[in-house]
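Number of protein chains: 4
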Amino acid sequence: MTVRAGILGATGAVGQRLIQLLEPHPEFEIAALTASEDSAGKRYDEAAKWRIDVPIPDSVAEMTVGATTPEDVPDDVDLIFSSLPSSVGEEVEPAFCEAGYIVSSNSSNARADDDVPLTIPEVNADHIDLIEVQRDERGWDGALVKNPNCSTITMVPPLAALDEAFGLDRITVSTLQAVSGAGYSGVTSMEIIDNAIPHIGGEERKMETESRKLLGEFDGAEVSWHGARVDASCNRIPTLDGHLENVWTDTEADATVEEAKEAMRSYPTLDLHSSPEQLIHVFEQPDRPQPRLDRDADNGMAIAAGGIQETDGGLQFNCLAHNTLRGAAGASVLNGELLLERGYL
Amino acid sequence: MTVRAGILGATGAVGQRLIQLLEPHPEFEIAALTASEDSAGKRYDEAAKWRIDVPIPDSVAEMTVGATTPEDVPDDVDLIFSSLPSSVGEEVEPAFCEAGYIVSSNSSNARADDDVPLTIPEVNADHIDLIEVQRDERGWDGALVKNPNCSTITMVPPLAALDEAFGLDRITVSTLQAVSGAGYSGVTSMEIIDNAIPHIGGEERKMETESRKLLGEFDGAEVSWHGARVDASCNRIPTLDGHLENVWTDTEADATVEEAKEAMRSYPTLDLHSSPEQLIHVFEQPDRPQPRLDRDADNGMAIAAGGIQETDGGLQFNCLAHNTLRGAAGASVLNGELLLERGYL
Amino acid sequence: MTVRAGILGATGAVGQRLIQLLEPHPEFEIAALTASEDSAGKRYDEAAKWRIDVPIPDSVAEMTVGATTPEDVPDDVDLIFSSLPSSVGEEVEPAFCEAGYIVSSNSSNARADDDVPLTIPEVNADHIDLIEVQRDERGWDGALVKNPNCSTITMVPPLAALDEAFGLDRITVSTLQAVSGAGYSGVTSMEIIDNAIPHIGGEERKMETESRKLLGEFDGAEVSWHGARVDASCNRIPTLDGHLENVWTDTEADATVEEAKEAMRSYPTLDLHSSPEQLIHVFEQPDRPQPRLDRDADNGMAIAAGGIQETDGGLQFNCLAHNTLRGAAGASVLNGELLLERGYL
Amino acid sequence: MTVRAGILGATGAVGQRLIQLLEPHPEFEIAALTASEDSAGKRYDEAAKWRIDVPIPDSVAEMTVGATTPEDVPDDVDLIFSSLPSSVGEEVEPAFCEAGYIVSSNSSNARADDDVPLTIPEVNADHIDLIEVQRDERGWDGALVKNPNCSTITMVPPLAALDEAFGLDRITVSTLQAVSGAGYSGVTSMEIIDNAIPHIGGEERKMETESRKLLGEFDGAEVSWHGARVDASCNRIPTLDGHLENVWTDTEADATVEEAKEAMRSYPTLDLHSSPEQLIHVFEQPDRPQPRLDRDADNGMAIAAGGIQETDGGLQFNCLAHNTLRGAAGASVLNGELLLERGYL
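Protein sequence lines, in the order shown, are assigned to chains A, B, C and D. Start counting at 1 in the first sequence, then tack on 3, and there's your number in my numbering. Start counting at 1 in the second sequence, then tack on 3, and there's your number in my numbering. Start counting at 1 in the third sequence, then tack on 3, and there's your number in my numbering. Start counting at 1 in the fourth sequence, then tack on 3, and there's your number in my numbering.
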């Protein structure tokens, strides 16, 4: 028996990746697609400008797109994947939760809310039980679960590995982000060819807050955020997919390069359907990871790390993840798999 | 009366920029061009694959390229601009100095030597008098003067402005560097299209050491390097020209964004021929500076800064400079102008 | 005395280039700017997202943008430069002509109309007098003059040179067009990085019809279109500016490569203010012209040609022009200069 | 039983693709790797700078690279895949044939030789028996078989389909070629970012001659080349993989767009291991095929076509193939499979 799933914002860049991942998924079945009013009522292949390099699945092409309201989604749908602009998500997601749907959302609204689990299953799966707190407080039959921002997801697993091994104090990160992170039309070609843009609205604050919540401790009632100071600077560069990040961190205990590699390599993956075989791929070559060469490892669900060096009192390293797979659609699907494994579905 | 100047490594990417700058220069006159053995004896326009977007000057096109030895350079040449691979520079530049030539060099060898002035004229012009120490120690009639690495030049002027205003403690920098920094063939298209490379050999160490020497104090006998800790991470991205950098710095005194802008804007330029009108252009828009839009300001000799924010105990900002103009050829020419102004020519 | 000029569609990509060209222009003075309803009433620098690599002129930054109607343009404006979407141009331009304005338009509507002059001044300046026919027929005090599409302008001057020398029979052209030709947001980065798109809506037909009208004869009453067959295929590639084209043509008389070069080189320019010094720059190097290296020749107003080869019964060659300067804004300004020289202003 | 195969030029861009294809191949087994003198004696993963986005197979990584001479290749190797610079191939390939090896070569030397089969199996498999003529004339135990140039392979299958259906008279083609076609270091980033190069040395002549040989008739003794006139213009653009081409052709019989599509769609594939399921994928959308979206169809072995339009007396269309898979390594492997099927191995 598969779980019947709906996709909110199915025509967007992340929505298309959700379709790519869910169509062959053994546990989930695409049962509803929604989009903005303009698209509602159209066949999916007419509503969406499909632009990823695998063909649009036939079964999905013929589905009719609905409006993004609980009324337009069949009752036998149990799980909702949401990839909406945050202003829309803010309004619509609670309505779905109230109507009894479990929502695994990639939208940025509500990520910092006290009673909303923000999870990367391999890092903080236990936070998922914040759902109990949420249901108590909000009186929902459904639930709202969030995955973090793509740039946050990229660095948190290696940071979690280092935190566990050495303790972290201060984190500084600079990102080189791919254009797909802004959605299909988010970055025009005239803006980015032969160029880089040292600003992505709101992204720095997201990295600074989300990472501290993800690395925090959940005691059954609330999440105590991690105490590390985080400073981020975010840049857009002319790559299609794959966010590359330079990270520096002060560690509480002394750490050698070899110990750091070992901490990352031995950091466990899960056996959820979409989990990578190896969570963190650590490269020995100093010029890796690179977006084009390394973003697709383990179906785009691995984190790549490299360039690990000791600094005075800490470490610096580079990391990379596929931003629309590991960093968005895949993150939501993985959260869905966690919800299923933990009995919420 | 113009100073007769020779260019070592005249066919390379920086060599071509030197020609572009020197051909119309009112104080200098191109009197000799040298290149590797393969090119020696050829007309310049046959030896060089000209690839910048201004035409090759006619007078230069017809010059004959010589070998890179003092013997192949006429005696009435006084000033040598050198843009050689460091291994070649290491061997050849001292020979020129010994033969009595003043060498303004962009090559990375000898930059950290105690008796070699490493100068950005607007920042530490006084270091030029290290030439006296050098001549004492080495017994040269000539002299060797260096400009720093392109990635160092980009961040040092804004850092110098902040250091003067607030005192600097700890500097962390991430670079997004253009392909021209690696020379014409340094980065293949297959390496960099839809990609970024988080490693530039030796570059991080150059930024960490050169910036401390540049920000240091010269007491007439030696340079005391600045005590700040510097951590750098260097990346190559698919831009043609213009290095963009994210910088964080802890400051000794408290600093507001407005004070930081004021410190940068009021940091003085010089009235050397190639000096920019305004040394540091500070942008109010959070998404500037950008390489393609801002690298050419003041003939590619300005530094652009923006995105200034307060952090806990410090500041973060972005900066940008044209790497082959301000960061290489223009830096050497400016040092030549300083040498002339200070009476060394 | 300068002519007071208005710009319709002043915030778009071509509108910005018009401002760049007109602000320092000795014969014209920017007296009005219009844009869509959203922008009307705003300061220009608030309404426009300025994105070319020269700063926005101060005098223009402070101007107030009006709506695109004759009522919103001061009466003492004599000349209107129009760069509107064709559907808007179709509606609005006749209203301006009726209200007495002379309109030099880059919009694609009405280019094929019998009584509308379509001119490249160096090629068919005499067609401008079609204005008399137009005024007779339409009863306008003003007049409507068009420049051709950017891809057409690129190939027509060299074709005109060859037509005059050898007579042309059949023309086949493939284009490699820059993204700026689609306007600022016309091509997203996700569409074009590591990609090419073999389709530009309507462009092939524009090249096929406009070139025959431009190469046609005007007898004072009507233009007889050139009889050559024209086949075009249009592609978008990841370049910012500069359309490159491969052209084959059968010639009536035999033509050698040398004769073809001579025909192109000796094809006269005009002495209008914006005319290039040399209309067609012919390269000897087989790998030129190239967009990045050659688009800016003669302030972006020259046509570059190269790769000329004999074929069986004809010639093949490559040509290039800056699409938003020579191919759009500069083309409209040049037509404005022609209108002034011919006494229409 | 698998055929033991050697790869000449195994460290190059096409050599790496050969390894990618042969390592999992059910019929062939990689038994020898050769490269230039510099690499001979090294482990493969030390000799090669691996740069495709699948990892280097472990079994291959550890192999020792030999020199490119028959002496350095084990005797039990039967089949040689060659991807050498043509000047090296010209010297070395005959030595291998003389030593009894069957050579399936991607190198451009000898492609036009009367007694050398030049084959695209789906198009002219029967030409393979030219081997008999070759052995008679040259007295070889081995044999030399060539696949055409990548740009030729892209257009010949659709042309063959049209030729069969309507007869072809005159062919004009413009190419937009990816940088990988020039090898790993063939195109520098400074040459091609924000640029296009309208010249690829020798490529136009290759397309003009090879296509006529491929479309020719083999009568058991010699190949009569096709009589069509072919005019080509070749351009390099900033794409990584996938050559896109605009083709015009005059047809002997009248042809509608629908008939042309049908001719292409029904043109048969083979059931060789590497054959695509469908040889020519015909797109209905006018803006397809596009390199990034369509180059990987059927494991990079399909030809994509689209934009088919009627012209006066003929047709125009666009086509695309993955240049290092279908156009190089895959083409050689397919020829190897044909040699096996026809009993030459």
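For glycine and all other residues, C-beta sits at the position ideal for the given N, C-alpha and C.
- Across the set D257(C), P60(C), P161(C), the C-alpha of D257(C) shows the shortest separation from the C-alpha of E313(C).
- Sixteen is the threshold: when 16 or more other Cβ atoms of the shown chains lie within 10 Å of the Cβ of S177(D), as they do, the residue is buried.
- Listed by position along chain B, the residues whose Cβ is nearer than 8 Å to that of T314(A) are D234.
- Sixteen is the threshold: when 16 or more other Cβ atoms of the shown chains lie within 10 Å of the Cβ of G12(D), as they do, the residue is buried.
- Within chain C, the residues placing a beta-carbon under 7 Å from that of I196(B) are D197, ordered along the chain.
- For F286(D), no alpha helix (DSSP H) encloses it, and the DSSP letter there is neither H nor E.
- With 16 or more other Cβ atoms from the protein chains shown falling within 10 Å of its own Cβ, E96(D) counts as buried.
- In this chain, G186(C) is not harboured by any alpha helix (DSSP H), its DSSP state being neither H nor E.
- Under the DSSP definition of a beta bridge, I33(D) partners with A8(D).
- Counting only runs of 3 or more residues that sit fully inside the region 112-156 of chain C, the beta strand (DSSP E) segments are 146-149, in chain order.
- Close partners of D290(C) in chain D (Cβ separation under 8 Å): I200, P201, H202.
- Inclusion of R295(B) and G245(B) in the CB contact set at 9 Å is warranted, their separation being smaller than that value.
- A check of alpha carbon separations from Y187(D) across Q288(D), P29(D), A51(D) identifies A51(D) as the nearest.
- Across the region 60-89 of chain D, no CB contact with chain B closer than 9 Å is found for any residue.
- Within the same chain, T254, E255, A256, A258 come within 7 Å of F169(C) by CB-CB distance, once the 5 residues on both sides are set aside.
- For R114(C) and P160(A), the gap between their C-alpha atoms comes out near 60 Å.
- Contact with chain A is absent for R46(D), since none of that chain's Cβ atoms lies less than 9 Å from the residue's Cβ.
- Between the alpha carbons of R46(B) and L87(B) lies a distance of about 19 Å.
- Proximity of chain A to L296(D) at the Cβ level (cut-off 7 Å) is accounted for by D56, in chain order.
- Judged by beta-carbon spacing, F99(C) lies within the 9 Å limit of V106(C), meaning their Cβ atoms are closer than that value.
- D234(B) is positioned such that its CB atom lies closer than 9 Å to that of I174(B).
- Closer than 9 Å to the CB of S154(A) there is not a single CB belonging to chain B.
- Relative to the Cα of G142(B), the nearest Cα in the group M193(B), D118(B), S214(B) belongs to D118(B).
- Within the region 250-311 of chain A, the runs of alpha helix (DSSP H) at least 4 residues long that lie entirely inside it are, in chain order, 260-268, 294-297, 300-303.
- S62(B): member of the alpha helix (DSSP H) spanning 61-64, first to last residue.
- Looking at the backbone, the Cα of G316(C) and that of L165(C) are separated by about 13 Å.
- Between S42(D) and V68(D) the beta-carbon gap is near 5 Å, inside 8 Å, which marks them as a contact.
- Here DSSP, grouped into helix, strand and coil, assigns A70(A) to strand.
- Interface residue (Cβ-Cβ distance to chain B less than 9 Å): D301(C) is not classified as such.
- For a Cβ distance threshold of 8 Å, residue set T175, W251 of chain D lies close to T175(C), ordered along the chain.
- Listed as beta-bridge partners of Q319(D) by DSSP are W251(D), Q312(D).
- A direct Cα-to-Cα measurement between L218(B) and C237(B) gives close to 20 Å.
- Taking 8 Å as the Cβ-Cβ cut-off, the region 127-151 of chain C has no residue approaching chain D.
- DSSP, reduced to helix, strand and coil, places N109(C) outside both helices and strands of the structure shown, so it counts as coil.
- When beta bridges are read from the DSSP output, R46(A) appears opposite T67(A).
- With fewer than 16 neighbouring CB atoms inside 10 Å of its own CB, P77(C) falls in the exposed class.
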